[in-house]
Amino acid sequence: MLYHAQSFARHGYETSILAYRGSTPPRELTESENVQFVYLPTHFGWISSLVKPLFLALLPLKVLAGAWALLWALLVLPAAPAYLFVQNPPAIPTLAIVKLAALLRGSRVIIDWHNTGYSVLALRLGPTHPVLFSRLPELSTLATSFPPALPLAPDSTLFSSASSGLLPFRPALLVSATSWTADEDFSILLSALELYERAAHISSSGAGGLKDPQSSAPQRLPRVVVLITGKGAGKKAFEQEVKQREKGWEWVRVRTAWLAREDYPKLLGSADIGISLHTSTSGIDLPMKVVDMFGCGLPALALDFPCVGELVKDGQNGRTFKTAEDLADQLITLLRGFPHTGPSELDRLRQGIAQARYGGEPGRPWGNWDENWDEVVMPLLEAQ
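Structural data, given as structure tokens:
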């Protein structure tokens with residue numbers, strides 16, 4: 004939503020951002036004369052962490068408190084907004100309150116669909132729960148956001164040296180991003196890394212090395228560092244599982260982190276492979292993390308689901324997988340002989356990001372945020 008706010012401000016719209024406090028907003032917004040922040044109170048946030056019976060009992064209290072805080076903030080804005088731009092999910096109580104405020108203040112509502120609210124809530128309550136009373140029959144658009152192998156010199160990191168640049172024995176860097184929700188199963192990644200660990204151990208002996216299709220020489224597998232960014236309730240359990248597995252791992256290391264907004268694209272631009280485990284609760288929303296990866300020139304390996312082919316073109320700008328075994332096979336194939344001294348499959352996938360066409364048929368070329376925003380959102384504003 005911050006990108007949307009920047010685009011509104013760029014076109015001269017006076018923009019109010021209603022949000023909860025958390026990460027530091029980007030400087031482009033905090034220093035803009037066209038932007039003001041309105042922070043909402045976080046009443047009863049602890050209810051979401053309760054067990055299901057207590058969660059259901061106290062959910063109305065949380066919804067009512069959030070609804071009133073949002074409605075009041077919208078009603079006391081000094082000038083009636085021409086547009087209320089809202090992201091969905093969250094749908095409860097946001098969509099109803101925004102619609103009510105729009106009626107009271109004469110505003111028009113624009114919804115940025117990232118997913119369906121009922122399908123997200125079904126993860127917590129179950130798909131047949133009576134609370135899930137409202138479903139949208141059709142949506143027209145959705146969002147398309149180790150130990151070193153050798154002793155290191157004092158001026159070196161795991162990946163590079165101040166004197167000689169990237170190290171020839173550096174590990175491959177894999178990245179993913181998540182909010183640690185139930186619609187992303189990171190056990191698939193851990194199982195794939197377990198298989199990769201075994202393959203790397205075998206290939207290190209030489210006798211079991213993987214053969215290069217263009218050569219009779221064995222191509223050994225590199226060590227792998229996996230960095231996963233994001234916050235969420237499932238993060239701690241994942242870290243405990245990693246801690247246990249790494250006791251038997253020599254070739255794989257997994258770490259979690261939370262990055263500042265300006266550091267995230269730097270990480271993606273420095274990585275070798277991106278990984279997406281997004282499955283879509285509705286089956287019709289695309290992983291924004293892959294959009295970020297492609298925007299930084301990073302090929303992605305993405306878990307397959309019905310519409311992901313609109314974004315990840317298997318074999319052109321990335322690969323899709325269905326199982327942990329598939330993912331392990333893809334990692335082994337792409338990282339064989341890494342770091343590569345000549346053109347590689349990773350290079351070809353990286354080049355394919357700009358060459359692919361995206362969305363449904365006939366598709367559209369890759370573009371930057373401003374180009375797409377001006378093409379998709381501006382006509383909605385100019386038509387009014």
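Numbering (my numbering), first residue to last: 4 to 387. Using N, Cα and C, we set each Cβ at its ideal position, and we do this for glycine too. Bear in mind the structure is a predicted one, so any value in this text is a computation, not a measurement.
Self-check item: DSSP beta-bridge partners of Gly277
Solution: Val178 and Ala303
Self-check item: Contacts around Phe324, its chain only, beta-carbon distance under 7 Å, and the 5 residues preceding and following it disregarded
Solution: Leu304, Leu306, Asp307, Leu330 and Gln333
Quiz item: Can you tell me where the alpha helix (DSSP H) with Gly355 in it begins and where it stops?
Solution: Taken as a continuous stretch (DSSP letters only), the alpha helix (DSSP H) holding Gly355 covers Glu348 to Gln358.
Practice problem: Could you spell out where the beta strand (DSSP E) holding Ser19 opens and where it closes? | Solution: Thr18 to Ala22
Self-check item: For Ala260, the first and last residue of its enclosing beta strand (DSSP E)
Solution: Element bounds for Ala260: Val255 to Ala260.
Quiz item: Under 8 Å, do Phe40 and Pro28 count as touching if we go by C-beta distance?
Solution: With a cutoff of 8 Å on beta-carbon distance, Phe40 and Pro28 are scored as near each other.
Quiz item: Does the count of Cβ pairs from the stretch 338 to 350 and the stretch 219 to 235 closer than 8 Å reach three?
Solution: yes
Quiz item: Do Leu314 and Tyr267 have their CB atoms nearer than 8 Å?
Solution: no
Self-check item: Minimum C-alpha distance to Leu77 - residue among Arg30, Gly109 and Leu198
Solution: Gly109
Practice problem: Provide the residue(s) that pair with Tyr361 in DSSP beta bridges, ordered along the chain. | Solution: Arg367, per the DSSP bridge assignment.
Quiz prompt | Secondary structure of Val89, DSSP reduced to three states | solution = strand
Quiz item: Is it the case that the Cβ atoms of Leu53 and Leu61 are separated by a distance below 8 Å?
Solution: yes
Quiz item: Should Pro84 go down as buried or exposed, given a rule of 16 or more other Cβ atoms within 10 Å for buried?
Solution: buried
Practice problem: Kindly indicate the opening and closing residues of the alpha helix (DSSP H) around Leu5. | Solution: Leu5 to Arg13
Exercise. Tell me whether Ile95 counts as near the ligand NAP, meaning its Cβ is closer than 7 Å to at least one heavy atom of that ligand.
Key: Judged by which ligands are present, the structure shown has none, so any question about the ligand NAP falls away.
Exercise. Kindly indicate which residue of Thr18, Leu87, Gly345 and Leu271 has the alpha-carbon position closest to the one of Leu106.
Key: If we check each option's Cα against that of Leu106, Leu87 comes out closest.
Exercise. Identify every residue that forms a DSSP beta bridge with Gly168.
Key: Ser164
Quiz item: Excluding five sequence neighbours on each side, which residues of the same chain lie with their C-beta closer than 8 Å to the C-beta of Met381?
Solution: His14
Exercise. Could you check the C-alpha separation between Val229 and Gly370 for me, to the nearest Å?
Key: Val229 and Gly370 have their C-alpha atoms spaced approximately 28 Å apart.
Quiz item: Near Asn37, what residues of its chain come up, given a Cβ to Cβ distance below 6 Å and the 5 sequence neighbours on each side ignored?
Solution: Ala12, Glu17 and Thr18
Exercise. Can you give me the Cβ contacts of Gly235 inside the same chain, cut-off strictly under 8 Å, excluding the 5 residues immediately before and after it?
Key: Thr181, Ser182, Trp183 and Thr184
Practice problem: Could you tell me whether the Cβ atoms of Leu161 and Pro174 are closer together than 8 Å? | Solution: Yes, the Cβ-Cβ distance between Leu161 and Pro174 is below 8 Å.
Exercise. Mind checking who Glu322 pairs with in its DSSP beta bridge?
Key: What sits at residue 322 in the sequence shown is Arg, not Glu. The partner list for Arg322 (beta bridge, DSSP) reads Leu304.
Exercise. Within the same chain, show all residues whose beta-carbon is closer than 6 Å to that of Trp376, passing over the 5 residues directly before and after it, in chain order.
Key: If we look at Trp376 and ignore the five residues flanking it on each side, its Cβ neighbours are Ser10.
Practice problem: Could you pull out every unbroken beta strand (DSSP E) segment of at least 3 residues lying fully inside the stretch 218 to 249, listed in chain order? | Solution: 227 to 232
Self-check item: Beta-carbon proximity list for Pro290, same chain, < 6 Å, skipping 5 on both sides
Solution: For Pro290, where only same-chain residues beyond five positions count, the Cβ hits under 6 Å are Ser279 and His281.
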